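Below is one structure, written out as structure tokens; the observations come after it.
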Amino acid sequence: MTRFRPRAHGRLIAAAALTTAALTALTACGAATEETGTAAGTAASAADFGGIDALVTAAEKEGTLNVIALPPDWANYGEVIKAFEAKYKIKVSSENPDASSSDEIAAVKSRKGQKRAPDVLDLGIAFARSGAAENLFAPYKVEAWDKIPEAQKEKDGRWFNDYGGYVSIGCDAARIKNCPQTFADLLKPEYKGKVALNGNPTKSGSAFGGVYAASLANKGSFGDIQPGIDFFGKLKKNGNFIPVESTPATVEKGETPISIDWDYLNAGYADQFRGKGVDWKVAIPADGVYAQYYSQAINKDAPHPAAARLWMEFLYSAEGQNLWLKGYARPVLLPSMTTEGTADKTFVAKLPKVEGTPSFPESAELDAANATLAENWDKAVS
Numbered sequence: 002m003t004r005f006r007p008r009a010h011g012r013l014i015a016a017a018a019l020t021t022a023a024l025t026a027l028t029a030c031g032a033a034t035e036e037t038g039t040a041a042g043t044a045a046s047a048a049d050f051g052g053i054d055a056l057v058t059a060a061e062k063e064g065t066l067n068v069i070a071l072p073p074d075w076a077n078y079g080e081v082i083k084a085f086e087a088k089y090k091i092k093v094s095s096e097n098p099d100a101s102s103s104d105e106i107a108a109v110k111s112r113k114g115q116k117r118a119p120d121v122l123d124l125g126i127a128f129a130r131s132g133a134a135e136n137l138f139a140p141y142k143v144e145a146w147d148k149i150p151e152a153q154k155e156k157d158g159r160w161f162n163d164y165g166g167y168v169s170i171g172c173d174a175a176r177i178k179n180c181p182q183t184f185a186d187l188l189k190p191e192y193k194g195k196v197a198l199n200g201n202p203t204k205s206g207s208a209f210g211g212v213y214a215a216s217l218a219n220k221g222s223f224g225d226i227q228p229g230i231d232f233f234g235k236l237k238k239n240g241n242f243i244p245v246e247s248t249p250a251t252v253e254k255g256e257t258p259i260s261i262d263w264d265y266l267n268a269g270y271a272d273q274f275r276g277k278g279v280d281w282k283v284a285i286p287a288d289g290v291y292a293q294y295y296s297q298a299i300n301k302d303a304p305h306p307a308a309a310r311l312w313m314e315f316l317y318s319a320e321g322q323n324l325w326l327k328g329y330a331r332p333v334l335l336p337s338m339t340t341e342g343t344a345d346k347t348f349v350a351k352l353p354k355v356e357g358t359p360s361f362p363e364s365a366e367l368d369a370a371n372a373t374l375a376e377n378w379d380k381a382v383s
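Given below as structure tokens:
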């Protein structure tokens, strides 16, 4: 998928104790609790419902949750959705799983007031920040709020990071004699017509990350992505870079034997295609180490506001975070879960190895990178 969560394919703490409260009325914004009178659409925490039990009751009464841009093979989202449906009496309606983050924002705007509008969003950080600035998201703080690092959340809860990973180079060793280990390797003539990104970096979060990492590998910085654009321009000029969006289908068919993508997606391909003639190897390039988190947000005008909030509570429970971890993604609460002993050690041991501690660009640097890409990417690779 090409989610600019900025696909992007293109996605932890102990479960909270439950309390009870009666639900008595419906408003235009959803169910309201008898104790607080808070409408579901304006509830900023489970406490506003009177507790998790009351939130579950309100969400199950709605019965549906609309999600968008969640491929089942992206960070184990297929299992996440099934687990949520099994735990609660709520049907998850999943639309357009290969959509981009920009498509998600467009759906929020174009479907305002409609029952088919998305309730929740999984976005690249650039879109999370811009959507919050446009007042598209509802403030909400999950019960695990205090365990999310300050730098990984908007202060009022309009978005908060969920899981992340590192830019990596995936390679089919059954088709490529010597798999590349670094960005510098990708320039070698032996990789002509073989290198792909997961989409267009002006729309795709994983592709954006690939260009950012390439910039860091070529004397660029968070404030200067142009060296990364120039690198892909050089790859295109020498015939190595192909304008084909890397997907599970193109990987399996051998159309994109080298794919620059998040490590959790590339690691997932290794499992997915084992025994199918694909020997997928994953390397995190030492010359361009770049990590990125995606973010969760609730549509301010969600047609199922209680279900949207219960979804968030599930995702930030130990169960939800471990399901992302099972999909090779690094959940935002992994540090606290490791301390508490709630992280699944089997899944932790399977994470692709990386050296050092990741650093992240500031908001202004991301804005500058997006502007530079919008202006110069097509010219570089056309």
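The opening position of the sequence shown corresponds to residue 2 in this note's numbering, with each subsequent residue numbered one higher. Ideal placement from N, C-alpha and C gives every residue a C-beta, glycine not left out. None of these values were measured; they are calculated from a predicted model.
A straight-line Cα-Cα distance of about 11 Å links Q153 and D147. When secondary structure is reduced to three states using DSSP, Y317 falls in the coil class, being assigned neither helix nor strand. A straight-line Cα-Cα distance of about 18 Å links I126 and K110. With fewer than 16 neighbouring CB atoms inside 10 Å of its own CB, K346 falls in the exposed class.
Sequence-distant partners of K354 (beyond 5 residues in either direction) whose C-beta falls short of 8 Å from its own C-beta, in its chain, are I285.
The criterion of a C-beta distance shorter than 8 Å is not satisfied by D288 and A197. CA-to-CA, the gap between S205 and S296 works out to about 14 Å. Between the alpha carbons of I177 and K235 lies a gap of roughly 21 Å. Counting along the chain, no alpha helix (DSSP H) covers A40, and no H or E run does either. When only Cα atoms are considered, H305 and A268 end up about 34 Å apart.
Counting of Cβ neighbours within 10 angstroms places A48 among the buried residues, the total reaching 16 or more. Rounded to the nearest whole angstrom, the C-alpha separation of L188 and G328 is 30 Å. W263 carries a strand assignment under DSSP once its states are collapsed to helix, strand and coil. Between I259 and Y192, the C-beta gap is smaller than 8 Å, which places the two residues in contact. Approximately 15 Å separates the beta-carbon atoms of I230 and L367; this is outside 8 Å, ruling out the contact.
Contact between G132 and Q293 does not hold, since the beta-carbon distance rounds to 17 Å and is not under 8 Å.
A residue is called buried when at least 16 other Cβ atoms come within 10 angstroms of its Cβ; A70 meets this threshold and is buried. G51 and Y141 have their C-alpha atoms some 15 Å from each other. The three-state reading of DSSP puts E96 in strand, counting E and B together. Cα atoms of V349 and S216: separation of roughly 29 Å, rounded to the nearest angstrom. Within its own chain, no residue has a Cβ closer than 6 Å to the Cβ of K254 once the five positions on either side in sequence are excluded. K238: member of the alpha helix (DSSP H) spanning 227-238, first to last residue.
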